[in-house]
Structure formats: C-alpha cells, structure tokens
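What follows is a set of notes on a single structure, which appears directly below.
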Amino acid sequence: ESEVVAMAGQPGAVTIATNMAGRGTDIKLGEGVKEVGGLYVIGTERHESRRIDRQLRGRSARQGDPGMSRFYISFEDDLMRHFGDSRRISGMMTKLGMADDEELEHPWLNKSVETAQKRVEQRNYQRRKFTLQYDDVMNQHREAIYGFRNNILDTDDPRSELFEVVEGAIQEEANARLGKGEERDPESFLNWVNSTFPVGFKAEDLKETEDNEEVAADLTAKVREAYELKVRDIDDEKVKYGERMTVLSAVDRLWQEHLYGMDGLRESIHLRALGQKDPLVEYKREAFEMYSEMEAKITQEICNGMFRSAARIIEFEQFMQNLPQQFVHEAPTSALDEASEAAAQQGGQSQQAQAEQQLPEVNLPMKRNAPKIGRNDPLPDGGGKKYKKVYHGDEPVFMPENYSDWQQSITGVCQIKLTPEFINQRLNELQNAKNRNTKEFVKLYGDEHLERVTSWFERAKEEVA
Numbered sequence: 434e435s436e437v438v439a440m441a442g443q444p445g446a447v448t449i450a451t452n453m454a455g456r457g458t459d460i461k462l463g464e465g466v467k468e469v470g471g472l473y474v475i476g477t478e479r480h481e482s483r484r485i486d487r488q489l490r491g492r493s494a495r496q497g498d499p500g501m502s503r504f505y506i507s508f509e510d511d512l513m514r515h516f517g518d519s520r521r522i523s524g525m526m527t528k529l530g531m532a533d534d535e536e537l538e539h540p541w542l543n544k545s546v547e548t549a550q551k552r553v554e555q556r557n558y559q560r561r562k563f564t565l566q567y568d569d570v571m572n573q574h575r576e577a578i579y580g581f582r583n584n585i586l587d588t589d590d591p592r593s594e595l596f597e598v599v600e601g602a603i604q605e606e607a608n609a610r611l612g613k614g615e616e617r618d619p620e621s622f623l624n625w626v627n628s629t630f631p632v633g634f635k636a637e638d639l640k641e642t643e644d645n646e647e648v649a650a651d652l653t654a655k656v657r658e659a660y661e662l663k664v665r666d667i668d669d670e671k672v673k674y675g676e677r678m679t680v681l682s683a684v685d686r687l688w689q690e691h692l693y694g695m696d697g698l699r700e701s702i703h704l705r706a707l708g709q710k711d712p713l714v715e716y717k718r719e720a721f722e723m724y725s726e727m728e729a730k731i732t733q734e735i736c737n738g739m740f741r742s743a744a745r746i747i748e749f750e751q752f753m754q755n756l757p758q759q760f761v762h763e764a765p766t767s768a769l770d771e772a773s774e775a776a777a778q779q780g781g782q783s784q785q786a787q788a789e790q791q792l793p794e795v796n797l798p799m800k801r802n803a804p805k806i807g808r809n810d811p812l813p814d815g816g817g818k819k820y821k822k823v824y825h826g827d828e829p830v831f832m833p834e835n836y837s838d839w840q841q842s843i844t845g846v847c848q849i850k851l852t853p854e855f856i857n858q859r860l861n862e863l864q865n866a867k868n869r870n871t872k873e874f875v876k877l878y879g880d881e882h883l884e885r886v887t888s889w890f891e892r893a894k895e896e897v898a
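When the letters of the sequence shown are read in order and numbered with our numbering, they come out as residues 434 to 898.
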C-alpha cells in the first residue's frame with residue numbers, strides 16, 4: 434500500500450485508496466506537478482473522527498509543496514443520519530427547490546458535520562472510559578492472584594506460604610462454625626476438620642475451651658505434626674516441589690474458571706440497566722463476590738491436596754498405612770495414633786511385610802480369553818447352527834445333559850463368571866418366572882428344564898460359597 438500511495442504524486446496519476454492506506458508515506462511530487470497545482474485530495478465521505486479527516490487532508494501541500502483537498506458528504510451517510518440533523522436540512526433544501534444531485538456548500542454545513550463528529554467522539558470516549566473501568570476490576574483481581582502465585586514461585590520456603598493458607602482456613606472455619614448462640618455448630622466443624630486433615634480431632638478437644646483462637650492454634654499444631662510425619666522420609670527438594678505444585682495447581686485451575694465466569698458476567702451485566710441499576714456498580718459487586726468465592730475454593734483445595742499428594746507412590750502408600758483402615762470408627766483417629774499403634778503391633782516387621790498385610794483385596798475386572806462371539810457367528814462345535822439359535826443373551830437355550838457340561842458352557846463359551854451375585858440374580862429370575870409362568874422363561878429354557886436349571890444354579894451357589 435505504501436508503494437502505491439507513494440506514486441500518487443506523479444504526473445497524471447489517479448490513486449484510489451481508503452483513508453487508512455499508506456498513512457505516514459511521503460508522497461513526492463513528480464516533474465511538472467507543482468506547476469499545475471500539486472496533489473489534489475478528494476474525499477468521498479467524512480470519517481467519524483476529525484483526526485482521521487485531518488490526516489487525509491494533510492497528505493497534500495506537505496513540506497511547502499502546493500496542493501489542496503476537497504470533501505464530499507451526503508445527507509444519507511451514516512454520520513449525518515445518526516448524529517447530524519440531516520432530515521431537517523434536507524427538508525429545507527427540498528422546500529427551496531434544490532435538486533438531489535446539486536452541490537451544497539456553506540459554513541453552516543461544515544459546522545453541522547463537525548458537530549456530528551464531536552458527538553461520535555464523545556460516544557466513543559464514554560465507551561473507552563467504561564471499558565477501562567471494567568478492566569480495572571479484572572486488573573485488581575489479576576494483580577492479587579499473580580502476586581500470590583509469584584510468591585509461591587519465588588520463595589525458598591513454600592511450606593510457610595502453605596501453612597499460612599491452612600492457618601487462615603482453620604481460623605475462618607472456627608469463627609464461622611464455633612460462634613455463640615445458634616451459630617455454634619461444633620459437629621459440622623469436626624466433620625470439616627476430619628474430612629480435610631488426618632488428625633482425628635475429637636469433641637473433647639472443643640469442650641475444654643470455647644476460645645476459637647485457642648482451638649485453631651491447637652488444630653494447626655496437630656496438622657503440622659501430621660504433615661511432618663508425611664514428609665519425614667522424603668527429600669527436601671521433592672517436598673518443596675510438591676508443596677509448590679499443591680498450591681499452583683489449585684490456583685491455576687480455579688483462576689481459569691474465574692476468568693470464564695467474569696467473561697460471562699461482563700457480557701450480560703448491561704441487562705441490569707433494565708432494572709434501573711448501574712451496570713458498573715453491579716459488575717463490581719458481583720465480581721467481588723466471585724473473587725471471594727474463588728479464594729475460598731483455592732484455600733479448601735490447598736487444604737485437601739496437601740495430604741493427598743506425594744512425590745512418589747511409595748511414600749504415599751507408607752503414609753496411607755498410618756491412616757485409619759476402616760471407614761467408620763467410634764471416634765475419629767489420626768495418622769499419628771495409627772502410626773504409634775502400628776509400630777507397637779508390628780514391632781520389628783519390615784515395611785514390605787506391613788504393606789502386604791494391609792493391602793485390601795481388589796476385585797479385578799474379568800477379561801475375555803477368546804474373541805467376542807457375534808449373534809450370527811457359527812458355533813465352534815461345527816454343528817452349522819448360529820450362536821443366536823442356541824443362546825439367548827449369554828446363556829444356552831438348550832440345556833446340556835449334565836452339570837459339568839452346563840458349567841463349561843456358562844464359564845467357557847459364554848465367558849460368565851459364576852459369582853454369588855450372578856447366581857442369586859438368576860435364582861430369583863427363575864423363581865419369579867416359575868411363579869408367573871411367563872412366556873419369556875418358557876422361550877429361554879423350556880418347561881422340562883426348569884427343575885434341572887434351578888438345581889444346577891443351587892449347586893453352583895454351594896460350590897462358590
């Protein structure tokens with residue numbers, strides 16, 4: 434664009450461009466152009482901003498060169514229709530008998546155009562002003578959250594930052610749940626403590642004192658002791674890395690969710706004006722509530738994550754061995770109590786032996802040893818029949834003659850594991866079908882096989898038991 438605009442000063446050149454093309458390009462006049470009047474700039478409309486019009490007009494008569502400019506505008510242009518009094522002026526021109534394509538030139542018209550441009554500039558200024566005010570709210574949130582995040586990244590002792598969050602959370606929960614009168618709810622406080630930290634906090638710890646600060650200090654000391662137990666066998670650098678990641682993962686994830694929420698609020702807050710409310714005031718109020726909610730979520734996630742993460746799976750398993758092994762207890766127990774009890778019971782046993790004794794039994798999912806058989810696939814015995822003609826669902830329609838063949842067809846061909854749950858379900862279905870004499874059962878097994886199938890399932894139940 435700049436190369437094309439730079440050639441506009443050559444003799445006989447006619448350059449058609451937008452008012453934005455080649456701004457800042459020096460248009461040098463060619464030989465003989467000065468003698469005929471220099472560069473002539475013709476504008477076919479007026480821009481909403483007077484600054485843009487002045488830049489376009491200033492392309493001619495630069496650095497002492499001759500030149501002139503002339504602008505044309507219609508009463509039907511957006512600038513005059515929206516911000517100028519084009520209807521009144523055009524009506525007056527019609528009464529005077531002037532034609533539509535007749536040129537008008539008067540200082541009043543220039544003043545009318547400038548007035549319209551001033552109105553546009555005022556509107557755009559208000560828009561930028563409101564946009565800046567909305568952005569200032571987000572900028573305050575951004576400075577606060579990134580200041581906290583940078584402290585975690587730059588500090589040499591992330592544990593102090595971590596426990597500063599924990600202490601604040603404990604004190605806040607104690608003030609909220611251990612107040613006076615109807616606001617006091619010690620049961621909910623105990624539930625929150627024992628579901629967040631493995632310290633085994635008991636109701637007796639609350640009855641000794643009603644001072645919230647003393648309760649919070651006691652609980653914080655127990656949390657510190659439990660955390661020291663968790664990280665005592667882990668390298669210091671790995672502990673610092675884990676503490677940073679515990680905080681940063683919570684901050685980053687919830688900050689992203691906060692940004693999405695703020696975008697949605699920004700797009701819809703203008704509707705509050707329909708209720709005679711200032712959108713900016715409502716935006717600031719709700720933005721503060723959303724930020725406070727995000728801070729509370731970050732705090733809770735940090736408290737939850739500090740005992741649910743480890744540098745290696747081995748350390749995590751060792752720590753889990755010190756936690757309560759049952760879901761329900763008569764009273765809450767702590768990791769410290771469990772550690773002392775385990776040490777007294779096991780004595781000199783190795784950590785490997787302890788892990789093997791405390792590993793719970795896991796029911797692994799059953800895997801097929803053979804490819805899945807389709808409904809239209811032929812049977813493997815070569816009889817020529819399709820699978821759907823002999824089997825209904827996963828069970829045989831025509832029962833074998835003895836129990837061993839039936840058991841082989843169930844576990845081998847159908848790949849069904851004879852668990853107590855499956856056997857009890859089938860016995861209930863057989864009994865219900867027998868009582869109702871349903872057609873479904875007759876189609877599946879036939880009347881003559883009822884007693885035989887029932888006896889086989891009962892026999893399988895006894896073997897499994």
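All residues carry an ideal CB built from backbone N, CA and C; glycine is no exception. A quick note: this is a predicted structure, and the numbers were derived from the prediction, not measured.
In chain order, TYR716, GLU719, ALA720 and MET723 place their CB closer than 8 Å to the CB of LEU698, counting only its own chain and leaving out the 5 sequence neighbours on each side.
ALA439 sits close to ASP459, with the two beta carbons spaced by under 9 Å. For LEU472, the uninterrupted beta strand (DSSP E) segment begins and ends at 472-476.
No Cβ-Cβ contact shorter than 9 Å links PHE622 with GLU647. TRP688 and PRO499 have their C-alpha atoms spaced approximately 60 Å apart. Excluding the 5 residues flanking it on each side, GLU891 has same chain C-beta neighbours closer than 8 Å at LEU860, in chain order.
By the CB criterion at 9 Å, ILE485 and MET453 fall inside the cutoff. Distances from the CA of ASN737 to each of GLY491, ILE603 and LEU662 were compared; the closest alpha carbon is that of ILE603. With a cut-off of 8 Å on Cβ pairs, the stretch 557-576 is not in contact with the stretch 490-509, counting fewer than three such pairs. DSSP, read as helix, strand or coil, puts GLY500 in strand. Counting C-beta atoms within 10 angstroms of its own C-beta, THR451 has fewer than 16 neighbours from the protein chains shown and is therefore classed as exposed. Around the beta carbon of GLN550, 16 or more other beta carbons sit within 10 angstroms, so the residue counts as buried. Following the DSSP letters along the chain, one finds PRO591 inside the alpha helix (DSSP H) bounded by residues 591-610. Between the beta-carbon of LEU512 and that of GLU481 there is about 6 Å, and that keeps the pair under the 8 Å contact cut. With a cut-off of 8 Å on Cβ pairs, the stretch 698-711 is not in contact with the stretch 545-563, counting fewer than three such pairs.
Put simply, the backbone Cα of ILE667 is about 18 Å away from that of PHE596. For ASN624, the closest of GLU615, LYS613 and LEU639 by C-alpha to C-alpha distance is LEU639.
GLY470 and ASP510 have their alpha carbons spaced roughly 30 Å apart.
Take the alpha-carbon of ARG521 and the one of VAL546: they are about 14 Å apart.
If you keep only unbroken beta strand (DSSP E) runs of at least 3 residues inside the stretch 658-713, you get nothing at all. Following the DSSP letters along the chain, one finds TYR579 inside the alpha helix (DSSP H) bounded by residues 540-587.
One alpha carbon belongs to GLY601, the other to GLU658, and they sit about 17 Å apart.
For the set GLU468, LYS850, PRO444 and VAL886, the Cα lying nearest the Cα of VAL897 is the one of LYS850. With fewer than 16 other Cβ atoms inside 10 Å of its own Cβ, LEU586 counts as exposed. The three-state secondary structure of ALA898, taken from DSSP, is coil. Burial is judged here by how many other beta carbons sit within 10 angstroms of a residue's own beta carbon; TYR558 has fewer than 16 and is exposed.
Look at ASN865 here: in three-state DSSP terms it is helix.
Judged by beta-carbon spacing, LEU713 lies beyond the 9 Å limit of ARG582, meaning their Cβ atoms are not closer than that value.
Taking the C-beta atoms as reference points, GLN488 is found no nearer than 9 Å to ARG514. In the three-state scheme derived from DSSP, where H, G and I count as helix and E and B as strand, GLY457 is classed as coil.
In summary, LEU652 is buried, with 16 or more beta-carbon neighbours lying within 10 Å of its beta-carbon over all protein chains present.
In terms of Cα proximity to GLU468, the closest of PRO444, THR477, ARG479 and THR448 is PRO444.
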